[in-house]
Structure formats: structure tokens, C-alpha cells
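Going by the working numbering, the first residue of the sequence shown is number 18, and it counts up by one from there. Working notes, structure below.
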Amino acid sequence: MSKLQRRVVAAAEAALAQHKYVSVVDVLVGLGWLTSAHVEQWRQGRSATLVRLAAVDGARLRDAADLLGEWARAGGLTPSDTAYLSGSRDRTPLLFVGNGDETIFRTHWLSPDLSPARREQMVQRQNKAPDLQVVAATGDWTCAECADTGPYRIMSDAGSLCLTCADLDHLEFLPAGDAALSRRAKKESTLSAIVVRFNARRKRHERVGILVEERALARAEEQCLADEDARARRRERDTVRRAAQDVEFQAKMAVEIQRLFPHCPPERATEIADHAAVRGSGRVGRSAAAKVLAAEAVTLAVIASIRHLDTDYDRLLMEGVPRKQARATIRPTLDRVLESWRG
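As C-alpha cells, then:
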């Protein structure tokens, strides 16, 4: 088995364990050839093809897709041709490499453990038209049709449009924060759009709210007032349940760290797991691969801990040393600690 094949299989197994199906996009992100931010940019319609954002060329993307197909067929997974549409106003079909047959990229591989009913439900959900995505403006921009500007813009075949030119200016903005209200308002609204804003520190777009019809928002508020007490009790139960799940997951990660790095001090393994797996932190321990304790993701959590606690990395950053240079400088120390922990 080639090195690329092993990496593709590891990424595919992690994705399959996480959500009972695996796509080429899942594998490309797992390989590190794309980031979730790249995928989001592509899905918004802000890149003509996915390969433009990838760290490799189209031939390598096809190689990974071919290897995924071989592994999936050998494992008895069910292929499902999936529609990929952008979240732009025109719902433009998304392109992966932009030349040749792209069926291989659109195929999702479904777990053989799914029941026929569950499989059909998953296929319908995957082929459902995506939510419209509106971007909260963070800088100067100009509408492609009216040459005006505004607080929000949405992509179209002509370029970025203001809400007026996109026929969305009658919608009300509902900030994120109340999940029940947002969910009900979106359900009640005939037309809606997800609003995202670019987070420069995390280098990705993050959801900040939704645009919905005014009447839909009013109906959703009435529904939320009617069952507020019941939802409060449910939140309390969910908080206790999630806390128990986090403790169990952190313990399992600590055990996996000790398996991969037998000479890592037990208290340090526990410390790494507790830090990496904090819910909502965005750290590697909360990634899809880490949640199924994939070796690569667990190793990345260990490397991050060593880098910050056992080397001069943080001091170098504080002194203004560029990130890549700082990582190269501390690499010998990092490798030495890793090898000593591996034994």
C-alpha cells in the first residue's frame, strides 16, 4: 500500500465513522490539501473550481478520488451521485477541477450499516438545495449591478450583489445566539439566507445569524414564548449529558496518547487530552478525525502541546519571529521529545 493510499484510507475511515458516509471533499480536507475555510469559500461560489484553492493539482485530486473509490468498493460502501450547488443567489453547479468527467468527485460513499430508509433519507438531504449564504461586509465593496454598496453581499454569476439587487432586502436579520428561535424562524420563512462574517484570526467565515421574513420571525417568537420553561429544563439535562460525554472522550484520548507514545508521562497525556478536547475550542482534539481517535489527529494534539510547552516557540513568536521560521527553529527539539515519548 502506497503512502498516499494509507493516508486516503485513514481520512476516509475517520469521516465514515463520524457521519456514516464519506466524500472526496472529506478526504481532501483530511489529507491537508484543503482547509474547511477553502471548502466554505468554494461552496459560497467565490472560487470557480475547488482545485484553485487546493495545495495540489487536479491530477493529484483525481488520484485521491480514485483511491477512495477503490477502498469504498472493497468495503461494500454504496455509491450515491450527489448534486453540488453553490450557496450563491443563482445556485450555480460547483466545479471541482473544471475539465473532464467530475462524477468521481461528486460520488458520496454510504456506510453499508445504514438501513434502506436511513440511506434514502441521507441521499435526499445531500441532494437538497443548499442554504443561500450572505456575507457580512468587512471592507469596501461595490455591487456588480447597481454599483452601490451595503452591509451584506451575496455572490451571483455576475459577481457580488447587494441585497436589493438580489431581491433579499425585505428580509430581517436575526442574530445568532438563540438556536430555537433561529430554527423556527427559518422553518416559518419561505425565503431565508445564512449570514456569515470572515474571522481574520481563525481565517474562516463564521455564522453570525440569518435573514428571514418579518412575519416568520414574529411567529417564531410566539412559539418560543409558549414553551420557554420546557426548553430551559431540556437545556439543563443536555448540559449534564454533554459534560459526561466530554469527560469520557478526554479519558479515551489520554489512553490513545499513551498507546501511541508509551513513554509520555501519564499526567502529561491527561493534560494534553483535557486541553485539546475542550468543546467549542476549535482545537485539533475537536476535529472529526480526533473524535474517532485517528492516529494523525491525536499526534497533532501531542505535537501542539510539545511545541508550546517544551520548546521556545512561544518566545520566538513574541519576539516577532515569523511563524514558519519559528517552527523550523524548534523542530529539532520537537522531534527529540516525540522520539523519546515513542521510545
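For each residue, glycine too, the CB sits at the ideal point set by N, CA and C.
Between the Cα of residue i and the Cα atoms of the options, which residue gives the shortest distance?
i: Arg142; options: Asp352, Asp291, Asp98 and His55; result: Asp98
i: Gly49; options: Ala28, Gly75 and Asp352; result: Ala28
i: Ala311; options: Gly194, Arg123 and Arg23; result: Arg23
i: Pro283; options: Ala293, His292, Ala271 and Asp291; result: Ala271
i: Val213; options: Leu45, Ala72, Leu127 and Pro168; result: Pro168
i: Val44; options: Glu189, Arg108, Arg79 and Asp195; result: Arg79
i: Gln229; options: Arg251, His325, Ser105 and Lys203; result: Inspection of the sequence shows that residue 229 is occupied by Val rather than by Gln. The candidate whose alpha carbon is nearest that of Val229 is Lys203.
i: Asp244; options: Arg201, Asn216 and Arg232; result: Arg201
i: Ser105; options: Asp148, Pro339 and Pro133; result: Asp148
i: Ser103; options: Ser19, Trp59, Gly360 and Asp263; result: Trp59
i: Ile2; options: Arg219, Glu223 and Leu355; result: Outside the displayed range of the chain (18 to 360) lies residue 2, so it cannot be described from this structure.
i: Glu231; options: Thr95, Ser199 and Arg108; result: Ser199
i: Glu57; options: Leu85, Ala100 and Leu111; result: Leu111
i: Ser206; options: Glu189, Arg218 and Ala196; result: Glu189
i: Glu265; options: Ala343, Asp291 and Arg344; result: Asp291
Taking Cβ positions, are residue i and residue j nearer each other than 8 angstroms?
i: Leu33; j: His55; result: no
i: Thr346; j: Leu334; result: no
i: Leu234; j: Leu277; result: no
i: Phe113; j: Val73; result: no
i: Arg221; j: Ser53; result: yes
i: Gly226; j: Ala193; result: yes
i: Val46; j: Trp88; result: no
i: Val41; j: Ala82; result: yes
Could you have a look at residue i and say whether DSSP puts it in helix, strand or coil?
i: Asp186; result: coil
i: Ala161; result: coil
i: Thr99; result: coil
i: Arg236; result: helix
i: Ala210; result: strand
i: Ala290; result: helix
i: Ser298; result: Summary for Ser298: the model assigns pLDDT 47, below 50, so the residue's position carries little reliability; its value from the coordinates is reported in the next sentence. Correct three-state label for Ser298: coil.
i: Pro282; result: coil
i: Arg303; result: Residue placement at Arg303 is poorly supported in this model, since its pLDDT is 46, which falls under 50; the coordinates are not used for a value here.
i: Gly226; result: strand
i: Leu191; result: strand
i: Thr66; result: strand
i: Ala32; result: helix
i: Ala146; result: coil
Opposite residue i in the DSSP bridges: which residues?
i: Met18; result: Paired residue(s): none; Met18 is not in a bridge.
i: Asn216; result: Arg221
i: Arg136; result: Bridge partners of Arg136: none, in fact.
i: Pro110; result: Leu102
i: Met172; result: Ser177
Residue range of the alpha helix (DSSP H) that residue i falls in?
i: Tyr330; result: Tyr330 to Met335
i: Arg348; result: Arg340 to Arg359
i: Ala318; result: Ala312 to Leu326
i: Leu48; result: Val41 to Leu48
i: Gln58; result: Ser53 to Arg60
If you follow the beta strand (DSSP E) that residue i is in, where does it begin and where does it stop?
i: Gly176; result: Gly176 to Leu178
i: Ala153; result: Leu149 to Ala153
i: Leu84; result: From DSSP, Leu84 is part of no beta strand (DSSP E) but of the alpha helix (DSSP H) over Gly75 to Ala91.
i: Thr124; result: Thr124 to Leu127
i: Ser199; result: Not the beta strand (DSSP E): Ser199 falls in the alpha helix (DSSP H), residues Ala196 to Glu205.
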